[in-house]
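Please read the structure below before turning to the comments.
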Amino acid sequence: PVMLLDPELLQHFVPFLGKPASAVLYLSVFYGTDGEFRFCECGVVFQLHYCLTRATSDWAGGQSFFSRKDSIRTIYTSLQNELRKLVTAGRSGAAGNSSHLEELLSHLSEQLSDFVQARMEIAEFYEKMYSLSSQKSIQSVELVHSLECILQKYSSRFHHPILSPLESSFQLEADVLTQLLKAQAVISEWRFLPSLLNLHGAHSKLHIWGQMFEKQRETRKHLFGGQTQKALQPPHLFQWLTRLKNALLAKFSFYFHEALSRQTGPSEMKALTTKTNPDYCGKISSFIRKYDAQNVSLIFDNRGSETFQGHGYHHPHSYREAPKGVDQYPAVVSLPSERPLIHWPDVIMIMSDRTAELNTLDKVVHFYDDKVQCTYFLTRPEPQFTIVVIFDSRKSEKDSHFLSFLNELSTSLKNSKHFASLKPGSKG
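Spelled out as structure tokens, the structure:
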């Protein structure tokens, strides 16, 4: 069975690793996603030890298919070719006098080959996420479907007890990513309870994953008995997933601000939202004070939504008559106070007349109404959501402060920055 390898004992096994590659019995060291060294008897041959260690630790440590030199793609392909050779050799010798160990080696190699293929497809999935960062909107539902297809394909393909650390780490990563993408999808549909449950599920699994690193933060001796000490850091993949979770938590707190505010007082709610990154309500409030804006609202277009019932959680079997007229465009968030009803017909008219512009990437729509002498700035971060800034005076459509604020807010709500940070070298 697979066991944790005490660094003090590793030195006793070093002689085994120097045996010729033709030997059948080896001790192979694996570096799992949880950061622990592991070994199993009857593992793959020593020449695969380096490849598998690199393939697992480099992906968790930050390399990706984007790298040109010694990329993960090259490592995975080489490793898979070697594993397939072992599988073929094992099958050709099955009719002969192959030992139990040789049969096990062939069986493990076949499952490891499936594991490597699964990792390659997950890596390509991350590449797909990166490519979506430059689009107007990210279709999270389609991403969830693609990821679930990969999971279903490899759900029982590397199930041997010896490979349980690889299977469990792969499943843990996939579960976290799936729930985060589901959370992003349902938040964009303004569905409170599914958003909350998926965020909680992802948070719980990330906590379990993070505990594995916390246990190793205690300083320990060098692998071969030296006195060098080093605190282990979580891999880049774990850190990226944590940042994505935090971004979605901030978005959830913003989109469902009114429902959450009902559960606590104003001062405590402000203290809680200040901890989110970014703090959307704080940023908007600062903008309003600095530029004397009359109102900033996030509007939800619920036309065609059969499940819309308003802010917060509603029992699935409760009935509410479908909204009509201006009520089809409720203010999800309105700062510094309730939505200005006198302006709402004008806002809806602009949204209707300038739909094509609002659906354009990074487009801010400007409109000045001579009758009421008010200026409106609108942008659309997601298909069903529009941000409007209202001034009770004339403002220039080229004002860089207003344009940059709305573009930054819209980009942040789309989470495109986090998808773009999947490319190595980015600072996200």
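Mapping of the sequence shown onto my numbering: residues 1303 to 1730, in sequence order. No residue lacks a Cβ here, since even glycine has one placed at the ideal position from N, Cα and C. Being a predicted model, the structure only gives us computed values, none of them experimental.
query = When the Cα atoms are used, what is the spatial distance from leucine 1434 to lysine 1719?
reply = For the purposes of this step, residue 1434 is identified with residue 132 of the sequence shown, where counting begins at 1. For the purposes of this step, residue 1719 is identified with residue 417 of the sequence shown, where counting begins at 1. Leucine 1434 and lysine 1719: Cα-Cα distance of roughly 10 Å.
message = Does histidine 1509 come out as helix, strand or coil in the three-state DSSP assignment?
response = Residue 1509 sits at position 207 when you count from the first residue of the sequence shown. Histidine 1509 falls in the helix class under three-state DSSP.
inquiry  = Mapping the DSSP letters down to three states, classify histidine 1461 as helix, strand or coil.
reply    = The residue labelled residue 1461 in the question sits at position 159 within the sequence shown. If DSSP states are grouped into helix, strand and coil, histidine 1461 belongs with coil.
message = Taking contact to mean 3 or more Cβ pairs, one atom from each stretch, closer than 8 Å, check whether the region 1624-1643 and the region 1594-1607 are in contact.
response = yes
message = For methionine 1431, count the other beta carbons within 10 Å of its own beta carbon; 16 or more makes it buried, fewer makes it exposed. Which is it?
response = The count along the sequence shown starts at 1 and reaches residue 1431 at position 129. Buried is the call here.
task = Helix, strand or coil for isoleucine 1377, going by three-state DSSP, please let me know.
result = Counted from its first residue, the sequence shown places residue 1377 at position 75. Isoleucine 1377: helix per DSSP, three-state reduction.
ask   = Would leucine 1705 pass as a contact of valine 1666 if the rule is Cβ separation under 8 Å?
value = As a position in the sequence shown, residue 1705 is number 403, starting the count at 1. As a position in the sequence shown, residue 1666 is number 364, starting the count at 1. It is a contact, given that the beta carbons lie within the stated cut-off.
message = Rounded to whole angstroms, what is the Cα-Cα separation between lysine 1387 and serine 1411?
response = In the sequence shown, residue 1387 corresponds to position 85, counting from 1. In the sequence shown, residue 1411 corresponds to position 109, counting from 1. Between lysine 1387 and serine 1411, the C-alpha separation is close to 9 Å.
query = Between leucine 1403 and glutamine 1419, what straight-line distance do the alpha-carbon atoms span, to the nearest angstrom?
reply = Taking the sequence shown and counting its residues from 1, one reaches residue 1403 at position 101. Taking the sequence shown and counting its residues from 1, one reaches residue 1419 at position 117. Answer to the nearest angstrom: the Cα atoms are 24 Å apart.
Euclidean distance between Cα positions of asparagine 1579 and arginine 1393 = If you number the sequence shown from 1, residue 1579 lands on position 277. If you number the sequence shown from 1, residue 1393 lands on position 91. For asparagine 1579 and arginine 1393, the distance between alpha carbons rounds to 55 Å.
ask   = In chain order, what residues of the same chain have a beta carbon less than 8 Å from the beta carbon of serine 1744, not counting five sequence neighbours either side?
value = Limits of the chain in this structure are 1303 at one end and 1730 at the other, which puts residue 1744 out of reach.
Phenylalanine 1668 versus Phe1515, Gln1535 and Tyr1678, residue with shortest Cα-Cα distance = In the sequence shown, residue 1668 corresponds to position 366, counting from 1. It is histidine, not phenylalanine, that sits at residue 1668 in the sequence shown. Closest by alpha carbon: Tyr1678.
query = Which parts of the region 1546-1592 are runs of the alpha helix (DSSP H), unbroken and 4 residues or longer, counting only runs that do not cross its ends?
reply = 1559-1563 and 1568-1576
request  = Within 10 angstroms of the Cβ of histidine 1703, are there 16 or more other Cβ atoms? Answer buried if so, exposed if not.
outcome  = In the sequence shown, counting from the first residue as 1, residue 1703 sits at position 401. Per the 10 Å Cβ criterion, exposed.
message = Rounded to whole angstroms, what is the Cα-Cα separation between tryptophan 1722 and lysine 1438?
response = Residue 1722 sits at position 420 when you count from the first residue of the sequence shown. Residue 1438 sits at position 136 when you count from the first residue of the sequence shown. Here the sequence assigns alanine to residue 1722, which means tryptophan is not the residue at that position. Roughly 13 Å separates the two Cα atoms.
key: Spatial neighbours of alanine 1450 in its chain, beta-carbon cut-off 8 Å, leaving aside the 5 residues before and after   = Walking along the sequence shown from the start, residue 1450 turns up at place 148. The displayed chain sequence assigns glutamate, not alanine, to residue 1450. Correct list, in chain order: Thr1480.
task = Within 10 angstroms of the Cβ of methionine 1651, are there 16 or more other Cβ atoms? Answer buried if so, exposed if not.
result = As a working mapping, residue 1651 is identified with position 349 in the sequence shown. Classification for methionine 1651: exposed.
task = Take every Cβ of the region 1545-1560, pair it with every Cβ of the region 1577-1592, and state whether three or more of those distances are shorter than 8 Å.
result = yes
ask   = Straight-line CA distance for serine 1255 to aspartate 1701?
value = Limits of the chain in this structure are 1303 at one end and 1730 at the other, which puts residue 1255 out of reach.
task = Have a look at glutamate 1491 and alanine 1391 and give me their C-alpha separation to the nearest angstrom.
result = In the sequence shown, residue 1491 corresponds to position 189, counting from 1. In the sequence shown, residue 1391 corresponds to position 89, counting from 1. Cα to Cα, glutamate 1491 sits roughly 53 Å from alanine 1391.
ask   = Counting along the chain, where does the beta strand (DSSP E) carrying tyrosine 1731 start and finish?
value = Not covered by the structure: residue 1731. The range shown for the chain is 1303 to 1730.
message = DSSP three-state label for isoleucine 1689, please.
response = Position 387 of the sequence shown, counted from the start, is the residue given in the question as residue 1689. Three-state result, isoleucine 1689: strand.
task = Given a cut-off of 8 Å, decide if leucine 1550 and leucine 1501 are closer than it, judged by their beta-carbon atoms.
result = Along the sequence shown, read from residue 1 onward, the residue named residue 1501 stands at position 199. Along the sequence shown, read from residue 1 onward, the residue named residue 1550 stands at position 248. Result yes, Cβ atoms of leucine 1501 and leucine 1550 sit closer than 8 Å.
ask   = Less than 8 Å separating the beta-carbons of tyrosine 1378 and aspartate 1416?
value = Indexing the sequence shown from 1 puts residue 1378 at position 76. Indexing the sequence shown from 1 puts residue 1416 at position 114. Taking 8 Å as the Cβ cut-off, tyrosine 1378 and aspartate 1416 do not qualify as a contacting pair.
query = If you draw a straight line from the alpha carbon of valine 1715 to that of histidine 1462, how long is it in whole angstroms?
reply = In the sequence shown, counting from the first residue as 1, residue 1715 sits at position 413. In the sequence shown, counting from the first residue as 1, residue 1462 sits at position 160. A small correction: the amino acid at residue 1715 is leucine; valine does not occupy that position in the sequence shown. C-alpha separation (whole angstroms): 42 Å.
ask   = With which residues is valine 1635 paired in a DSSP beta bridge?
value = Residue mapping note: residue 1635 aligns to position 333 of the sequence shown, counting from 1. Valine 1635 pairs with Leu1600.
message = Buried or exposed, going by whether 16 or more other CB atoms sit within 10 Å of the CB of glutamine 1413?
response = The residue labelled residue 1413 in the question sits at position 111 within the sequence shown. Per the 10 Å Cβ criterion, buried.
ask   = What are the start and end residues of the alpha helix (DSSP H) that includes leucine 1660?
value = By 1-based counting over the sequence shown, the position of residue 1660 is 358. Unbroken alpha helix (DSSP H) run through leucine 1660: 1657-1660.
When Cys1676, Lys1592 and Val1628 are compared against arginine 1605, the one with the closest alpha-carbon = Taking the sequence shown and counting its residues from 1, one reaches residue 1605 at position 303. Cα-wise, what sits closest to arginine 1605 is Val1628.
Simplified DSSP assignment, three categories, for glutamate 1684 = Within the sequence shown, the letter at position 382 stands for residue 1684. Three-state result, glutamate 1684: strand.
key: Beta bridge counterpart(s) of phenylalanine 1704 as assigned by DSSP   = Residue numbering aside, residue 1704 sits at position 402 when the sequence shown is read from its first letter. According to DSSP, phenylalanine 1704 bridges with nothing at all.
key: Pick from Gln1686, Ala1552 and Ala1595 that is closest to serine 1639, judged by C-alpha positions   = Numbered from 1 along the sequence shown, position 337 holds the residue referred to as residue 1639. Of the candidates Gln1686, Ala1552 and Ala1595, the one whose C-alpha sits nearest the C-alpha of serine 1639 is Ala1595.
inquiry  = Taking 6 Å as the limit between beta carbons, can you name the residues of its chain near lysine 1484, skipping five residues before and five after?
reply    = Translated into positions along the sequence shown, residue 1484 becomes position 182. Excluding sequence neighbours, lysine 1484 sits near Val1446 and Asn1500.
request  = Take arginine 1545 and list the residues in its own chain whose beta-carbon comes closer than 7 Å to its own, dropping the five residues that flank it on each side.
outcome  = Along the sequence shown, read from residue 1 onward, the residue named residue 1545 stands at position 243. Excluding residues within five positions, the ones whose Cβ falls inside 7 Å are His1720.
inquiry  = Here's the rule I'm using: 16 or more other beta-carbon atoms within 10 Å means buried, otherwise exposed. How should arginine 1564 be labelled?
reply    = Against the sequence shown, residue 1564 aligns to sequence position 262. Arginine 1564 is exposed by the Cβ-count criterion.
inquiry  = Alpha carbons only, please: which of Ala1425, Leu1407, Glu1405 and Leu1406 is nearest the one belonging to arginine 1375?
reply    = What you label residue 1375 is simply residue 73 of the sequence shown in a count that begins at 1. Minimum Cα distance to arginine 1375 is reached at Ala1425.
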